[in-house]
Amino acid sequence: MIVFCEVAFWVVIILGLVARYIFKREKLGLVLLALTPLIDLLLLITAGIDLYRGAVATQVHAIAAVYIGVSIAFGKSMIEWADQRFQYYVTKQGEKPKKLYGIEYSKQYFKSWVRHLIAYAIGATLLAGLIFWIGDATRTEALSGMLRFWSFVLVIDLVIAISHFIWPKKEKKKTIN
């Protein structure tokens, strides 16, 4: 079900963009794009019920919590990213997506890290809540392991974000052949 929800999330986004730009059905596109939070809710309920019924938590259950946090924190920006690229590369409309460099890139990456922090707060709360709800450390080891791993990844991502201010990303020099 978790894999189904992941696939359904992207299928709904693609269908929403196709309805919006190919078939010129903006309301239908908006409705389809608005379904993404419902898919996340279905994922959360499915994972919770599975664990409540006695399943031993696996990496799949842990990834469900991560996925929900990421989807909530990054969902709107992911849809905007896909929307802009679909509009430019598929329908040949709108502006070409701009590549950022220097301080602009550093600021954008740091904003992305803040979203990562929000995703972490949501996902970690879900993981901790499931660990508490189940109340059996042996059945929830995968959840606590994911929480430790994600904490490490969040710190590494912060170091990378800070490094972009110290060593800003530079535009590649164009070579003339």
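Quick note: to get the working numbering, add 1 to the position in the sequence shown (first position is 1). Where is the CB? At the ideal position from N, CA and C, for every residue including glycine.
Say yes only if the C-beta of residue i is nearer than 8 Å to one or more non-hydrogen atoms of the ligand NAD, and no if none qualify.
{"i": "Ser145", "result": "Of the ligands one can find in the structure shown there are none, so the ligand NAD has no counterpart to examine."}
Taking residue i as the reference, give the member of the options with the closest Cα.
{"i": "Val216", "options": "Ala74, Leu44, Lys77, Ser72", "result": "For the chain, the structure presents residues 2 to 178; residue 216 sits outside this window and is missing."}
{"i": "Ala74", "options": "Val115, Ile46, Lys25, Gln94", "result": "Val115"}
{"i": "Gly103", "options": "Ile15, Tyr68, Lys173", "result": "Lys173"}
{"i": "Trp168", "options": "Met147, Glu105, Lys93, Ala83", "result": "Glu105"}
{"i": "Ala65", "options": "Gly146, Ile157, Ile80, Val4", "result": "Val4"}
{"i": "Val19", "options": "Gln85, Arg140, Lys77", "result": "Gln85"}
May I ask you to report which of helix, strand or coil DSSP gives residue i?
{"i": "Phe150", "result": "helix"}
{"i": "Tyr102", "result": "coil"}
{"i": "Pro38", "result": "helix"}
{"i": "Phe24", "result": "coil"}
{"i": "Lys175", "result": "coil"}
{"i": "Arg54", "result": "coil"}
{"i": "Trp114", "result": "helix"}
{"i": "Arg86", "result": "helix"}
{"i": "Thr92", "result": "coil"}
{"i": "Asp158", "result": "helix"}
{"i": "Thr47", "result": "helix"}
{"i": "Lys77", "result": "helix"}
Let's test the definition: count the other Cβ atoms within 10 Å of the Cβ of residue i and tell me whether it reaches 16, buried, or not, exposed.
{"i": "Leu39", "result": "exposed"}
{"i": "Pro41", "result": "Note on residue identity: the sequence assigns Asp, not Pro, to residue 41. Under this definition Asp41 is a buried residue."}
{"i": "Ser152", "result": "exposed"}
{"i": "Tyr53", "result": "exposed"}
{"i": "Arg149", "result": "exposed"}
{"i": "Ile23", "result": "exposed"}
{"i": "Phe87", "result": "buried"}
{"i": "Val71", "result": "buried"}
{"i": "Phe166", "result": "exposed"}
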